[in-house]
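Heads up, the thing below is written out as structure tokens.
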Amino acid sequence: MVNGDKIFPLVLLVLQCLLVGIRTTPTGSKPFLISPDAVNRQCGYEGCPAVKEGMLNVHLVAHTHDDVGWLKTVDQYYYGSRSTIQKAGVQYILDSVVQELLKDAARRFIFVESAFMHKWYIEQSEEMRQTVKDLVSEGRLEFIGGAWSMNDEAAVHYQSVIDQFTWGLRFLNDTFGECGRPRAGWQIDPFGHSREQGSLFVQMGYDGLFQGRLDFQDKSNRIAKRTMEMMWKTSDSLEQSELFTSGLYYIYAPPPGFCFDVLCNDDPIIDGPYSVDNNVKEKSDLVQEVHQIFNEWISQVIRVYAGQEHVELEWLVGPIPIDDSKGKEIISRFESDIKSEGTFWTDSNGREMLRRVRNHRDTWELELSEPVPGNYYPVTAKITIEDERHRLSLLNDRAQGGSSLVDGQLELMVHRRLLRDDRFGVGEALNETQFNNGLVARGKHWLMFGCSPITNAGTPTQAAKERFLQNEVHLPSRACPEPKEGMINVHLVPHSHDDVGWLKTVDQYYYGSRNNIQKAGVQYILDSVVHELLKDPSRRFIYVESAFFQKWYLEQTLEMQQQVHMLVEEGRLEFIGGAWSMNDEAAVHYQSVVDQFTWGLRFLNDTFGECGRPRIGWQIDPFGHSREQASLFAQMGYDGLFFARLDYQDKNNRMQTRTPEMIWYTSSSLEENELFTSVLYNHYSAPPGYCFDVLCNDDPMIDDQQSTDYNVKARIDTFIAWLEKMAGSYRTNNLILTMGDDFNYMNAVMNFKNMDKLINQVIRVYAGQEHVELEWLVGPIPIDDSKGKEIISRFESDIKSEGTFWTDSNGREMLRRVRNHRETWELDLVEPVAGNYYPITAKIAVEDDHSRMAVLNDRAQGGSSLVDGQLELMVHRRLLRDDAFGVGEALNETQYGAGIVARGKHWLFFGSSQKAVSPTLQAKERFLQNKVLLPSWPFVSAVDNVLTYDDYLLNFRTIYSAIAQQLPPNVNLLTLEPWKDGTVLVRLEHLFERNEDPVYSQAVRINVRSVLFALNIESIHETTLAANQWKADSKRLEFNTESKANEASPKDQVERVAQDSTDFDIELQPMEIRTFIVKRR
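In mature numbering (1 follows the signal peptide of the UniProt record, and there is no 0), the protein residues as written are -24 to -1, 1 to 1057.
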């Protein structure tokens, strides 16, 4: 290792984004307008926040990791349904994040999964789409990774990886142009990492890669040796294949104690100067964490991540904005504590970290190994088909490449895009199966089968008015939506019941601390609710506890206070009850009740005037009710009273006799003591199944009729049936339906969005071979002895392999493995079988100086060589215990009352290991491997019975090929499909590595126009691997490595000359994939 502690500034290769009024994006994307407000800011490296040289720069990276299928389906994760399984709703994350970015130009956010971004973006209005484009153009919303999903790296085939990156990056490119192009790879969740994945990132033009999960021994070793950052040589065959790679310290989570999301249990930063829970001093101990990280990193650029799995569900309880008062107070303590070193904190993103890391070390060590498998999690034993249910996804991974190619060819042959709409849906599904927990069976079993009128929202004031008060409630007319006579009018009442002390103190409830006791943070509820009310004038909300509202109101800016005044004056934010707290009615003295109402109502009156005066009493939580409390309401001028808790016999009797509403004579002494009183039907909660809050477990309203989880019609039918039952208990045609519960609306967008759908969807709903082929059939696996079992296929030979064997990396390059050994650290092997298993996507082999044995498979499986000369592949398994890693189910798949049966194929090669004569055994393996991956697809079509075979031959074309000239055997047409504006996307690949064969491992030249003669090619333009950037424009960041330390400067090195558009002769080096946009005449 060289001394990398000094700061050595390098020449920056700045990737610039030219911001003009009209931007034309690469590879044929349409131009789009950029808002004038966004022109003065920049995306790309020049748009990165300034950092301080000579100081430790800490980058706070706000992000969310959103699984594209794991415990739930993609739609369930997006819409937020099945919350009993996992609380996650990506649409609400994106809603909330964008809102917060718009509030503060200094805030930044990175997003990864294009599948979710696409789904969310197409649902937005044109105005919001333009807003998002502006955020991207300003570099405040940045895409990292950018594939359709964060793919698995063990069981996935390289062609599927390329396709799903192309799919995701095309959406980003078409939508956001050059500013939407990701610069950094982001593989933070896969259980193990493949070298081929790194190689693909290089070929796609990425500047670096961040990884989360590492073998715990590898990670400990890297921390000790300060090698968490490295230059990774990702290919033995390709030139310039080095990729800056960094492991993340906390996988992808924030430091302990600093997860501020609504789904976390960490206390927020409480800076109230008079609060007994003020914790700024304690929170500032984060400095110790930063020191620790700094001591284990070579560069002076430290990443601290503010985000986790499906968090940022409500940004308002998310990462600390660094320019906020809370952040400044903590930062001032940091700076005073470590003033000798110097620390600079900034909101940041992936691209800035890459550039700064590159500049803070003169040379980097070059590593050749692959950081998989990992004992972080015994994934290598899990890579095989965990049970036969995942055979579909694993075979689909193989078939995806063939399907994509066949579909594309058919479209080209008929000169029409007949399949595009269908392919989009299929493409989404196939790309989503690439998700890192999908192919290695880390997802739920069932996920594989997923691939009377209601008026607008109202308030209790409206219902009371229409029932008994004969317009005695003197609010402005616009405050109450008009009911429809002769119909049942249902008033959805959004509310949150916020205890002023119960399981926690008032401050703890307000600030959201002690979440391990109860998840509740009133300040975030009010932040979120007010924001949603300001977005839509049809939305309304009631609030009860003046204690919390005063605390929140006094913390707001003058501008926000004025906006709240407007909401109150328009009747969209209404106060009900209004006392300092919702008092007990059993043990309390009347004088105390009068005093605390006086306190709360005085605040409302002084602040909001007459519009802030509550008209309705709201005693929904006391356990029992007193007549004196009702008398006090009458004397305080209230028009009515709602309560919820009632003796169950009394309540049942009232519902059966339709008397839940009554006029209560509250005093035997006072005149005019009558008070209208009503019992709420479902306590104070939403109807069963219709609590749409982040803290609830009910499914949301999913109105996408193409989704397998579409549920609007069923949900509406159930809802109306429930309403009809409710209506049978009341005599009025105006029903109060509370939509909320304890401490609901911390993510108000989730609640309001689903209530909107519940309201609006009613109308919508109603209107001569040298190999042996082995086909195997295994199962059912018996478990009568109550023991799980794993079935393997073993191949034995007398090859003296000396502990060494070879496995493929995602179906492409072969990697050397050594039993009980790792290349970068001294291995302490705890699981000798699982610890030597590796993912086998295509092939595993052993050899010595004389002989070689290789086995090809038809799907990804786990494999190893546990004994010299042997190979084994796991073909089936049935386990009876869950591994406690999150899925919550054992790998025990059954069908028809018994364990399932698995079947498949292996192809066995055995022969000489010598490479002097072509074709070598490795060459024969490559040829068969490609044939197995891309078999011929037969199609059958109906023919009229009157047509004879000879007639058919006479009237129809029976032979056609788009390829006029046979490709060399070591070249494969990887992609041929329609692209944009009549162009065609073409990928050609060299199938061989260096030194696999004396003939076929050489560079090869072909003429694209001659090969694809039927396309009538006019010109070709080369792109990066994912077809989202012209190859000539791709300039990756240069990092000095030890091997380059004495070489010429990068500026002096010779680069390949860009392919001329009319030069159809191309050269392919071993393992090279070249991508072209072909224009037809």
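Backbone N, C-alpha and C fix where the C-beta goes; we use that ideal spot for every residue, glycine too.
Curious, which full-length beta strand (DSSP E) runs of at least 3 residues does the segment 656 to 702 contain?
Considered as a whole, the segment 656 to 702 harbours no complete run of any beta strand (DSSP E) with no fewer than 3 residues.
Would a C-beta distance cut-off of 9 Å place F236 and I245 closer than the cut-off?
Yes, Cβ-Cβ distance for F236 and I245 is below 9 Å.
Do you know how far the Cα of W594 is from the Cα of S654?
Spanning the two alpha carbons is a distance of roughly 10 Å.
Within 10 Å of its beta-carbon, does M790 have 16 or more other beta-carbons around it, so buried, or fewer, so exposed?
Its Cβ being crowded by 16 or more others within 10 Å, M790 is buried.
Tell me the rounded alpha-carbon separation between H826 and S888.
Between H826 and S888, the C-alpha separation is close to 6 Å.
Between the C-alpha atoms of M1047 and R793, what's the straight-line distance to the nearest angstrom?
Our two residues, M1047 and R793, have alpha carbons roughly 20 Å apart in a direct line.
What runs of the beta strand (DSSP E), each 3 residues or longer, lie entirely inside the segment 926 to 960?
Qualifying beta strand (DSSP E) stretches, in chain order: 947 to 954.
Classification of N492 by the beta-carbon crowding that lies within 10 angstroms, buried from 16 upward:
Under this definition N492 is an exposed residue.
Hey, how far is the Cα of L943 from the Cα of E823?
Looking at the two C-alpha atoms, the distance is approximately 31 Å.
Would you grab the beta carbon distance between D597 and M558 for me? Rounded to a whole angstrom, and I think it's under 8 Å.
6 Å between Cβ atoms; contact.
Indicate whether D754 and V877 have their beta-carbon atoms separated by less than 9 Å.
Per the sequence shown, residue 754 should be read as Val rather than Asp. Taking 9 Å as the Cβ cut-off, V754 and V877 qualify as a contacting pair.
Return the chain-ordered list of same chain residues with a C-beta closer than 8 Å to the C-beta of E1043, the five sequence neighbours on each side being excluded.
When the five nearest sequence neighbours on each side are left out, the beta carbons in the same chain lying within less than 8 Å of the beta carbon of E1043 are those of A979, V980, R981, in order along the chain.
The segment 576 to 589 contacting the segment 615 to 635, beta-carbon criterion three pairs below 8 Å
No: fewer than three Cβ pairs fall under 8 Å.
Ends of the beta strand (DSSP E) at H997?
Following the DSSP letters along the chain, one finds H997 inside the beta strand (DSSP E) bounded by residues 993 to 999.
Quick check on DSSP: helix, strand or coil for R707?
Correct three-state label for R707: coil.
Starting from W528, follow the beta strand (DSSP E) in both directions and report where the run begins and ends.
No beta strand (DSSP E) contains W528, which is instead part of the alpha helix (DSSP H) from 522 to 529.
Pull up the DSSP beta-bridge partners for K765, would you.
Under DSSP, K765 takes part in a beta bridge, and its partners are R854.
For M126 and Q187, which I take to be in contact (beta-carbon distance under 8 Å), what is that distance rounded to the nearest angstrom?
Incorrect: roughly 11 Å between the Cβ atoms, too far for contact.
Would you tell me roughly how many angstroms separate the C-alpha atoms of residue 1144 and A874, rounded to the nearest one?
Residue 1144 is absent from the structure shown; the chain starts at -24 and stops at 1057.
Quick one, which of E972, Q526, D1039, W1006 has its alpha-carbon nearest E994's?
Ranking the options by Cα distance to E994, first place goes to D1039.
What is the DSSP secondary structure of D51, counted as helix, strand or coil?
Of the three classes helix, strand and coil, the one that applies to D51 here is helix, per DSSP.
Among Q539, A866, W556, nearest to L549 - alpha-carbon criterion
Checking every option, the nearest Cα to that of L549 belongs to Q539.
Presumed contact (8 Å Cβ cut-off) between D973 and Q898, rounded CB distance:
Cβ-Cβ separation between D973 and Q898: approximately 6 Å, consistent with a contact (criterion under 8 Å).
How would you write the range of the beta strand (DSSP E) that I759 sits in, first residue to last?
It is not in any beta strand (DSSP E) - I759 carries neither H nor E in the DSSP assignment.
Hey, how far is the Cα of F152 from the Cα of D761?
One C-alpha to the other measures close to 59 Å.
Please name the residue, chosen from K63, F609, Y721, L36, that lies closest to R591 on a Cα-to-Cα basis.
Closest option to R591, judged by alpha-carbon separation, among K63, F609, Y721, L36: F609.
Can you name the start and end residues of the beta strand (DSSP E) that residue 1068 belongs to?
The structure shown does not extend to residue 1068, since the chain is modelled only from -24 through 1057, so no value can be given for it.
In this structure, does DSSP put F177 in helix, strand or coil?
Collapsing the DSSP output to three states places F177 in a helix.
So, is N727 buried or exposed, given that buried needs 16 or more other C-beta atoms within 10 angstroms?
With a 10 Å radius around the Cβ and a threshold of 16 neighbouring Cβ atoms, N727 comes out buried.
Kindly indicate which residue of H41, D243, Y487 has the alpha-carbon position closest to the one of P166.
Nearest in C-alpha terms to P166, of all of H41, D243, Y487, is H41.
For the segment 21 to 99, which segments carrying the alpha helix (DSSP H) assignment without a break, of at least 4 residues, lie completely within its bounds, in sequence order?
Correct list: 50 to 55, 66 to 79, 90 to 97.
Going along the chain, which unbroken runs of the alpha helix (DSSP H) with 4 or more residues stay wholly within the segment 574 to 636?
Counting only runs of 4 or more, we get 603 to 611, 624 to 632.
In whole angstroms, give me the CA-to-CA distance for N658 and I639.
The C-alpha of I639 is placed about 21 Å away from the C-alpha of N658.
Please report the Cβ distance between L713 and V469, rounded to the nearest whole angstrom; I am assuming they are in contact, meaning their Cβ atoms lie under 8 Å.
Right, their Cβ atoms sit about 6 Å apart.
Assign H467 to buried or exposed, taking buried as 16 or more other Cβ atoms, counted over all protein chains shown, within 10 Å of its Cβ.
Buried, because 16 or more other Cβ atoms sit within 10 Å of the Cβ of H467.
Measure the alpha-carbon distance for C155 versus I1049 and round it to whole angstroms.
C155 and I1049 have their C-alpha atoms roughly 25 Å apart.
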